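Read the structure below first, then the notes.
In the working numbering, the protein residues as written are -2 to 439.
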């Protein structure tokens, strides 16, 4: 391809023929549009020009025999029956390395409205994942800088895990730590449904300049229409796919999958879908699976998308619909427990209830032995914690529990370590804790 052909491919040519319809009904954020059914398909973009000259965009979410249903990307407060609606061309998205270090919206624009320099190739917002038969196996372990994850819950290249947590237990801080410390080539961060203040706090205080050096942040705050949240999530994943196809090892941090599901539910119900499990229509769970499946291992010659999807669990209810479905889709789950956070240990990872499906193959025989021993000590202590704290346990009654009591404080300190270090150093630290305990017990 010549430079001229490449440049021409990035030009958005204005169509000579323009197509218009009109609003015949307004219901909340949903418009019923007549006169454009011959042009509009599912997901097509429309634009309404208001009396004061401002334009409001929207997208088609359903089609009826004589009208199309569109959900707005803005407010419907000033729209009126009979206003003209134009079918507009989907703008092409061209990710580039110039996006790194920026906070972008659902259109790939900087939050201050500036358009970053375009790349050479456009991406589709809703692409299909690589064929399953052509996908690589999981790669080597990714260094996250979090000792508990790098040992007990390894995250391999191309692996997808869920971070299950309630509010206020350190979820965002943990994601920021992973972003700062990981050895991935590039990090894509999707902040979906967060409060506006939290976006800036996450970028400035949690991620910081070190984390932003190789990160692209996509943000759609809680006050934005559901359609914008969905498009922001899709754009974040499309950008991750772009860099994966460029051969990069991509880390995708998605916060949160629950807000994505709620946004999809809002749009689907507006389109007339029938609510099912906890008011979620069946299409929401298909959409969740499709989004998660786009991450994962690439094909030979490409990179991988390693993903951490946060899932909000109200009252630690792991059986609520989104948490239950996602747990079955992903390759592991990391659970943050409120009771651990309340006693001041961060990250508040519940090792007993958390699982990485890359084990045991991701670790050596010696490492797996250390992990098993560490888990056994944690299990024995926590199962007997009530009687220990009450002073009812008599030392010497159970030699295995005695050893667990001796090593538990050191294990707690190890799990709370988030100082950036290599995976090998993390295992050395774990081994030192266990060996010290064994020597003390002999």
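Heads up, the beta-carbon is just placed ideally off N, CA and C, and yes, glycines get one too.
Every value quoted in this text rests on a predicted model; they were computed, and no experiment measured them.
Beta-bridge annotation (DSSP): residue 199 is not paired with any residue. Secondary structure within the region 180 to 226: the alpha helix (DSSP H) runs of 4 or more consecutive residues, fully enclosed, are 193 to 198, 205 to 209 (chain order). For residue 404, no beta strand (DSSP E) run applies; the uninterrupted alpha helix (DSSP H) run containing it begins and ends at 396 to 412, by DSSP. One Cα belongs to residue 339, the other to residue 166, and the distance between them is close to 8 Å. Using a C-beta cut-off of 8 Å, the region 367 to 374 makes contact with the region 420 to 431, since at least three inter-stretch Cβ pairs fall below that distance. Restricted to the region 65 to 93, the beta strand (DSSP E) segments that are unbroken, complete and at least 3 residues in length are 81 to 85, listed in chain order. Taking 9 Å as the cut-off, the Cβ atoms of residue 94 and residue 120 do not count as close.
Straight across, the Cα-Cα distance linking residue 163 with residue 320 is about 11 Å. DSSP, reduced to helix, strand and coil, places residue 17 within a strand of the structure shown.
Here the alpha carbons of residue 410 and residue 122 stand approximately 43 Å from one another. Runs of the beta strand (DSSP E) lying entirely within the region 259 to 315 and spanning at least 3 residues, in chain order: 301 to 309. Relative to residue 393, the option among 401, 386, 387 whose CA is nearest is 401.
Boundaries cannot be given for residue 32, as no beta strand (DSSP E) includes it and DSSP labels it neither H nor E. Residue 231 sits in a helix when the DSSP states are folded into three classes. For residue 331, there is no enclosing alpha helix (DSSP H); the residue is part of the beta strand (DSSP E) that begins and ends at 329 to 332. Inter-residue distance for residue 135 and residue 424 is about 21 Å (C-alpha atoms, whole angstroms). In the structure shown, residue 240 adopts helical secondary structure according to DSSP, grouped into three states. Residue 323 is a Cβ neighbour of residue 289, given a cutoff of 9 Å. One Cα belongs to residue 30, the other to residue 276, and the distance between them is close to 27 Å. Partner residues in the beta bridge of residue 46, as assigned by DSSP, are 52. If you draw a straight line from the Cα of residue 155 to the Cα of residue 297, it is about 13 Å long. Going by C-alpha positions, residue 252 is about 8 Å away from residue 169.
Close CB contacts of residue 183 within its chain, under the 6 Å cut and outside five residues either way in sequence, are with 211, 240, 245, 247 (chain order). One alpha carbon belongs to residue 405, the other to residue 147, and they sit about 19 Å apart.
In terms of Cβ geometry, residue 224 and residue 427 do not form a close pair [threshold 9 Å].
Spatial neighbours of residue 261 in its own chain (CB-CB distance under 7 Å, excluding positions within 5 residues in sequence) are listed in chain order as 227, 281, 284. Separation of the CB atoms of residue 108 and residue 97 is rounded to 15 Å, and the pair is thereby denied contact status at 8 Å.
With a cutoff of 9 Å on beta-carbon distance, residue 55 and residue 71 are scored as near each other.
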